[in-house]
Amino acid sequence: MAESEFLTLHELVKKARQKLNHDDWDYLVGGAETETTVKRNRLALDSIAFRPRVLRDVSLIDTGARFLGSPVRLPVLLAPVGGLENFTQEAGVAAAKAAEEFGVPQMLSSVCEPGLEAVAQAAPGANRMFQLYVHGDAGWVDAMAERAIAAGCRAFCLTVDTALYSRRERDLAKRNIRRDSVPGREFQRQLDWNDVARLKRKFAIPLILKGIATAEDATLALEHGVDVIYVSNHGGRQLDHGRGAMDVLPEIVAAAGGRVPIIVDGGFNRGTDIVKAIAAGADMVALGRMQCVGLAAAGQAGLVRLLELLEQEVLNCLGLLGVASLDKLDRTYLHPAPPVDAGRTLGAFPLLTLDEQSFY
Numbered sequence: 549m550a551e552s553e554f555l556t557l558h559e560l561v562k563k564a565r566q567k568l569n570h571d572d573w574d575y576l577v578g579g580a581e582t583e584t585t586v587k588r589n590r591l592a593l594d595s596i597a598f599r600p601r602v603l604r605d606v607s608l609i610d611t612g613a614r615f616l617g618s619p620v621r622l623p624v625l626l627a628p629v630g631g632l633e634n635f636t637q638e639a640g641v642a643a644a645k646a647a648e649e650f651g652v653p654q655m656l657s658s659v660c661e662p663g664l665e666a667v668a669q670a671a672p673g674a675n676r677m678f679q680l681y682v683h684g685d686a687g688w689v690d691a692m693a694e695r696a697i698a699a700g701c702r703a704f705c706l707t708v709d710t711a712l713y714s715r716r717e718r719d720l721a722k723r724n725i726r727r728d729s730v731p732g733r734e735f736q737r738q739l740d741w742n743d744v745a746r747l748k749r750k751f752a753i754p755l756i757l758k759g760i761a762t763a764e765d766a767t768l769a770l771e772h773g774v775d776v777i778y779v780s781n782h783g784g785r786q787l788d789h790g791r792g793a794m795d796v797l798p799e800i801v802a803a804a805g806g807r808v809p810i811i812v813d814g815g816f817n818r819g820t821d822i823v824k825a826i827a828a829g830a831d832m833v834a835l836g837r838m839q840c841v842g843l844a845a846a847g848q849a850g851l852v853r854l855l856e857l858l859e860q861e862v863l864n865c866l867g868l869l870g871v872a873s874l875d876k877l878d879r880t881y882l883h884p885a886p887p888v889d890a891g892r893t894l895g896a897f898p899l900l901t902l903d904e905q906s907f908y
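Right, dumping it as structure tokens:
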């Protein structure tokens, strides 16, 4: 039973490392070129301390939230991850079933097996969304949107920070080449705001843009009627020397002004990370690497257990902050502070003794 085997998140990480080969582990923890953006994601979170309040009634604590009109057990989204089949045989099906079992949304990647319809059939009750890498013309994109609607997806997401595929040197140095010749990749380079406007005109399904990293682009997204802004630097796997996600979040929150929900990802590994994001103005925190950790450790059961542990950490953090529900959080509970770790992919797990460096 995953509940008795894993009492801490770092035990799940350890099990995932033991079960993954070197190539898949490096793919999980690595990023682009110098991996500076990866490190800054963690540093941005570690550079925030809490300001707790006391003598507040926290006898009943609610860790739930709402997203796009639906209740969620935790303000967590399973981020779109391509290649989940590298971490568990059931790939996107295992993630969808875990999301359905626990009660959080899943955003399925268009480059995740076994594909949209198969995942929808396997987990018909899941709160699902679909993310698209554009590998075709406008007609191809429209057909993908129609498939997402037919499969019961509650939102359609365009990833907008992958005009070029990054240089991931952990993989390149070992000649572990992934997605080197994806047909139609040139269409992602051509994607622009006209495509966003066309999708909004043609389809009623809520539209999400993933990869927004500046207030200027958040403002443009609002002007084009985008329904959800997804703040992301692709987990540090695209542009090197970018800002940490939590450094970016405040200006996006200010630009959005509460008009649309905001999702954020990038280095979020612990319950305290989730609380920091919500206090800073995010509505949902998306999990990429940690989703892979849970699946690699013990498949669907491992991912459900990871979500349970995150829920316990969030509940504990809220209680000790003197807050009985997430909607009571705001920036007054946060304070800048020097980080105590150098900023590693797995720096949130100091009790972990694994070497997370590349195995050349």
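Residue numbers (the numbering used here): 549 to 908. From the three backbone atoms N, C-alpha and C, an ideal C-beta is built for every residue, glycine too. Note that the structure is a prediction, hence the values are computed from the model and not measured.
Compare the beta carbon distance of residue i and residue j with 8 Å and say whether it is the shorter of the two.
i	j	result
Arg955	Asp572	Past the edges of the chain, shown from 549 to 908, lies residue 955, and the structure says nothing about it.
Arg599	His883	yes
Ala597	Ala885	yes
Glu553	Gln848	no
Val776	Pro754	yes
Leu706	Leu625	no
Ala793	Gly815	yes
Gly850	Val586	no
Ser873	Asp610	yes
Val841	Leu632	no
Gly640	Pro662	yes
Ala828	Leu869	no
Is residue i buried or exposed, if buried means 16 or more other CB atoms sit within 10 Å of its CB?
i	result
Val862	buried
Glu665	exposed
Glu734	exposed
His789	exposed
Glu771	exposed
Ser618	exposed
Asp875	exposed
With H, G and I counted as helix, E and B as strand and the rest as coil, what does DSSP make of residue i?
i	result
Ile777	strand
Phe554	coil
Val852	helix
Tyr908	Note that Tyr908 has pLDDT 31, beneath the 50 cutoff, so the model's placement of it is unreliable and the number below is only indicative. DSSP places Tyr908 in coil when its eight states are reduced to three.
Ala766	helix
Ala890	coil
Ala564	helix
Val871	coil
Ala896	coil
Val812	strand
Gly783	helix
Pro798	helix
Closest by CA to residue i, which one among the options?
i	options	result
Arg614	Val659, Ala643 and Pro653	Pro653
Leu608	Gly850, Val871 and Gly784	Val871
Thr762	Gly732, Val774 and Glu799	Glu799
Ile760	Arg746, Thr710, Gly806 and Asp610	Thr710
Ala846	Lys563, Pro619 and Leu557	Lys563
Thr582	Pro898, Thr901, Ser657 and Thr893	Thr893
Met549	Gly867, Leu854 and Arg818	Leu854
Ala643	Ser658, Leu616, Gly617 and Ala671	Ala671
Asp795	Ala830, Arg818, Arg604 and Ala647	Ala830
Gln679	Trp688, Met692 and Gln669	Met692
Legend entry - beta strand (DSSP E) runs wholly inside the segment 700-747, at least 3 long, in chain order: With a minimum length of 3 residues, the continuous beta strand (DSSP E) runs that stay inside the segment 700-747 are 704-707.
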